[in-house]
Amino acid sequence: MKKRFIRVIFLFIFPVILSCGFWTSSASALTEEQSLLGEAWRIVNLAYVDDSFNHQNWWFVRQKLIKKPLENRDDTYNAIQEMLASLED
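Numbering (our numbering), first residue to last: 7 to 95.
Take a look at the structure:
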């Protein structure tokens with residue numbers, strides 16, 4: 007009786023667990039270009055900028071630019087230049 011109960015529970019729970027695994031989204035990894043932009047942002051953030059420099063939220067600047075489609079290195083360099091130009095320094 008106990009084994010049958012365990013089998014029944016297993017038969018109902020196992021498919022639910024499997025189906026939940028298929029519905030979870032994979033982690034979104036950064037592309038190489040986004041990583042380069044993030045690294046440039048991090049260097050400037052650590053060495054130069056406080057969080058509210060030039061009355062802007064430096065973290066939001068990063069978030070805005072990281073969402074842009076960066077197809078190649080030129081796009082990335084242009085985004086980095088845009089990021090640095092926003093500092094007006």
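Using N, Cα and C, we set each Cβ at its ideal position, and we do this for glycine too. Predicted, not measured: the structure shown is a model, and the values here were computed from it.
Distance between Pro-21 and Arg-13 (C-alpha atoms, nearest Å) = 13 Å
Note down the Cα distance separating Asp-56 from Phe-66, rounded to an integer number of angstroms.
-> 13 Å
Thr-30 versus Glu-38 - alpha carbon distance | No answer about Thr-30 holds up, because its pLDDT of 49 lies below 50 and its placement is not dependable.
For chain C, is any of its Cβ atoms less than 8 Å away from the one on Phe-18?
-> Although the question refers to chain C, the structure presented lacks it and comprises just one protein chain.
For the alpha helix (DSSP H) that Gln-62 lies in, which residues bound it at each end?
-> Counting along the chain, Gln-62 falls outside any alpha helix (DSSP H), and DSSP gives it neither H nor E.
Within 10 angstroms of the Cβ of Leu-76, are there 16 or more other Cβ atoms? Answer buried if so, exposed if not.
-> buried
Roughly how many whole angstroms lie between the Cα atoms of Phe-18 and Phe-11?
-> 11 Å
Check Asn-2 in the structure and name its three-state DSSP category.
-> Residue 2 lies beyond the stretch modelled for the chain, which goes from 7 to 95, so this question has no answer here.
Rank Lys-9, Ala-35, Gly-44 and Lys-8 by C-alpha distance to the C-alpha of Gln-69 and give the top, closest one.
-> Gly-44
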